[in-house]
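In the numbering used here, the protein residues as written are 5 to 471.
The C-beta atom is built at its ideal place from N, Cα and C for all residues, glycine as well.
Every value quoted in this text rests on a predicted model; they were computed, and no experiment measured them.
One structure is given here, and the rest of the page talks about it.
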């Protein structure tokens, strides 16, 4: 354990929803819910205005609609989120080379390894605490100035307590846990606050009458091992006492890259399944290339109508990032799975990742075979980037599809975003991050003047708007 609270945990506040509110002036201060919009969709993120109604992340979208029917329901714009994430992570890396990114909106930073490390090493506890507080507040202000978004930060002498601190700081706050305060901060919390304590572990502890972290911390390690098993019991015993010696590890290496879709109507025909596999392979390859990786093992995931889930895999002679090869392999693997009764979920992934692509005769031959058999025609469908299932029945669209929240540009009216579409019409609100709330207009879905657009940068705050 460190003598100073020099580990930061930063978590952007309601990230996806906050980006949408910053990009769309008409949604600021209103409930916004981002996620899959079909019958089986799940909430990815919701704004704090929506949380007042009981909406939460990972909730079924159908439940969210019942709780908050007047919210804006938007499909995720991952391109916009990634751009802002990269900007925020670059700001963190200016503080220290040891940045452990956990997700698109969350990371640990080890201040002792960075620019302020020598000063912190010589500081007293009081001096160190004040310096870390100032660094964290400056970081939050810099992020808000650059993006218009807020972040919550926890600072502590361990990753466990820094994470707990950022959760207590939400929204838009800072909680600093000084060494020695760990048990006082942890004690009143539910046992679910501890890493690794999920529903099953919670039930095991509840049956023993242990509901809070303080109650767990009062138990001997031997008792917790008896309740939870040796490995898990020992870990929970340490965490409950606030003891966590894990280091901040930068550049966590992904072991695989995968994508999957759940369909509103089960896929019944093999042609539908093969079409979807081509789409998923193309998306998977885009993620591979964005990460500068290739892989040897292709995996497909199939969830059938009865919720039984199967995986099939094939290892290639060498790593590849060729979409035709990956799609062709996925198609072969699908031939090993019965489609009787229908398919509700499909996924394509690549593992055994490498930092290079081995251009071998196998890949070339497989690509040529796919072309000859007409299997490679759909792999370059860039319109599918981060898109939802293509159609309720899994068939390709015959016309332009407009997604709620999608960025568009009109030849006459300029930039805007899709509010909704249906029965041959699409409704667009014309506004940008730096404009006042805009007007709404309706067009035919196939209107040639309306085209998809890339996200605009968020509007930085001006000096007069700073808190």
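Next on the checklist: Buried or exposed, going by whether 16 or more other CB atoms sit within 10 Å of the CB of residue 56?
Outcome noted: Exposed is the call here.
Next on the checklist: Bridge partners for residue 77 per DSSP, in chain order?
Outcome noted: Answer is 37.
Next on the checklist: At the level of alpha carbons, what is the spacing between residue 169 and residue 146?
Outcome noted: Their backbone Cα atoms lie some 20 Å apart in a straight line.
Checklist entry - Nearest to residue 181 by alpha carbon, out of 162, 47 and 213? => result Of the listed residues, the one whose Cα sits closest to residue 181 is 162.
Next on the checklist: For residue 117, would you say it is in contact with chain B, using Cβ-to-Cβ distances shorter than 8 Å as the test?
Outcome noted: This model lacks chain B altogether, as it is built from one protein chain only.
Checklist entry - Exposed or buried, residue 327, counting other C-beta atoms within 10 Å across all chains shown (16 or more means buried)? => result Per the 10 Å Cβ criterion, buried.
Checklist entry - From residue 382 to residue 195, what does the alpha carbon distance come to, in whole angstroms? => result Note that residue 382 has pLDDT 33, beneath the 50 cutoff, so the model's placement of it is unreliable and no number is given.
Checklist entry - Any chance the segment 115-131 sits against the segment 16-34, with 3 or more Cβ pairs inside 8 Å? => result Three or more Cβ pairs closer than 8 Å define a contact, and the segment 115-131 falls short of that threshold against the segment 16-34.
Checklist entry - Are the segment 12-29 and the segment 98-115 touching, with three or more C-beta to C-beta distances below 8 Å? => result Yes: at least three Cβ pairs fall under 8 Å.
Checklist entry - Counting pairs of Cβ atoms below 8 Å between the segment 196-209 and the segment 230-238, do you hit three or more? => result Enough Cβ pairs lie closer than 8 Å, so yes.
Next on the checklist: Could you pull the DSSP bridge partners for residue 305 from this structure?
Outcome noted: Note: residue 305 sits in a beta bridge opposite 315 and 351.
Checklist entry - Which word fits residue 342, buried or exposed, when buried means at least 16 other C-beta atoms lie within 10 angstroms of its C-beta? => result With fewer than 16 other CB atoms across the displayed protein chains lying within 10 angstroms of its CB, residue 342 is exposed.
Checklist entry - Which residue or residues does DSSP assign as beta-bridge partners of residue 421? => result As DSSP reads the structure, residue 421 sits in a beta bridge with 411 and 433.
Checklist entry - Which ranges does the beta strand (DSSP E) cover as unbroken runs of at least 3 residues, wholly within the segment 131-162, from first to last along the chain? => result With a minimum length of 3 residues, the continuous beta strand (DSSP E) runs that stay inside the segment 131-162 are 155-160.
Next on the checklist: For residue 469, count the other beta carbons within 10 Å of its own beta carbon; 16 or more makes it buried, fewer makes it exposed. Which is it?
Outcome noted: Residue confidence is low: residue 469 scores 47 on pLDDT, short of 50, so the model does not pin down where it sits. Its coordinate-derived value is still stated next. Per the 10 Å Cβ criterion, exposed.
Item to check | Within the segment 160-192, ranges of the beta strand (DSSP E) (whole runs, at least 3 residues) | outcome: Runs of beta strand (DSSP E) with 3 or more residues, each lying fully within the segment 160-192, are found at 178-180, listed in chain order.
Item to check | Spatial distance of residue 73 from residue 420 (CA atoms) | outcome: So the two alpha carbons sit approximately 23 Å from each other.
Item to check | For residue 456, the three-state DSSP class (helix, strand or coil) | outcome: If DSSP states are grouped into helix, strand and coil, residue 456 belongs with the strands.
Checklist entry - How would you call residue 321, buried or exposed, if buried means at least 16 neighbouring beta carbons within 10 angstroms? => result Per the 10 Å Cβ criterion, exposed.
Next on the checklist: Which same chain residues end up closer than 6 Å to residue 375 when comparing Cβ atoms and leaving out the 5 residues on each side of it in sequence?
Outcome noted: Low local confidence applies: a pLDDT of 45 at residue 375 is under 50, so the model's placement there is unreliable, and no value is given.
Item to check | Per-residue burial, residue 19 [other beta carbons within 10 Å of its own, 16 or more giving buried] | outcome: Residue 19 comes out buried.
Next on the checklist: Rounded to the nearest angstrom, what separates residue 135 and residue 159 at their Cα positions?
Outcome noted: Spanning the two alpha carbons is a distance of roughly 11 Å.
Item to check | Sufficient close CB pairs (3 or more, under 8 Å) joining the segment 90-101 to the segment 51-68 | outcome: Put simply, the segment 90-101 does not touch the segment 51-68. Fewer than three CB pairs are less than 8 Å apart.
Checklist entry - What three-state label does DSSP hand residue 273 in the structure shown? => result Of the three classes helix, strand and coil, the one that applies to residue 273 here is coil, per DSSP.
Next on the checklist: Going by beta-carbon coordinates alone, are residue 24 and residue 35 separated by less than 8 Å?
Outcome noted: With respect to residue 35, residue 24 sits apart: the two C-beta atoms are not nearer than 8 Å.
Checklist entry - Which residues in the same chain have their Cβ closer than 8 Å to the Cβ of residue 299, if we skip the five residues on either side of it in sequence? => result In the same chain as residue 299, and ignoring 5 residues on each side of it, the C-beta atoms closer than 8 Å to its own belong to 260, 261, 292, 323, 324, 325, 354, 355, 356, 357 and 358, in chain order.
Checklist entry - Straight-line CA distance for residue 287 to residue 271? => result C-alpha separation (whole angstroms): 19 Å.
Item to check | One or two residues paired with residue 104 in a DSSP bridge | outcome: Residue 104 is bridged to 112.
Next on the checklist: If contacts are defined as beta-carbon pairs under 8 Å, then residue 310 and residue 284 qualify, I think. What distance do you get, rounded to the angstrom?
Outcome noted: Residue 284 and residue 310 do not touch by the CB rule: their CB atoms are close to 22 Å apart, not below 8 Å.
Checklist entry - Should residue 427 go down as buried or exposed, given a rule of 16 or more other Cβ atoms within 10 Å for buried? => result The residue is exposed, with fewer than 16 neighbouring Cβ atoms inside 10 Å.
Item to check | residue 292 (DSSP reduced to helix, strand or coil) | outcome: Three-state result, residue 292: helix.
Checklist entry - To the nearest angstrom, how far is it from the Cα of residue 221 to the Cα of residue 184? => result Taking the straight line from one Cα to the other gives about 15 Å.
Checklist entry - residue 338: buried (16+ other C-beta within 10 angstroms of its C-beta) or exposed? => result It counts as buried.
Next on the checklist: On the DSSP bridge list, what partners appear for residue 16?
Outcome noted: Bridge partners of residue 16: 155.
Item to check | Where the alpha helix (DSSP H) containing residue 444 begins and where it ends | outcome: That residue, residue 444, is in no alpha helix (DSSP H); its beta strand (DSSP E) goes 443-448.
Next on the checklist: I'd like the span of the beta strand (DSSP E) that includes residue 47, first residue to last.
Outcome noted: Taken as a continuous stretch (DSSP letters only), the beta strand (DSSP E) holding residue 47 covers 47-50.
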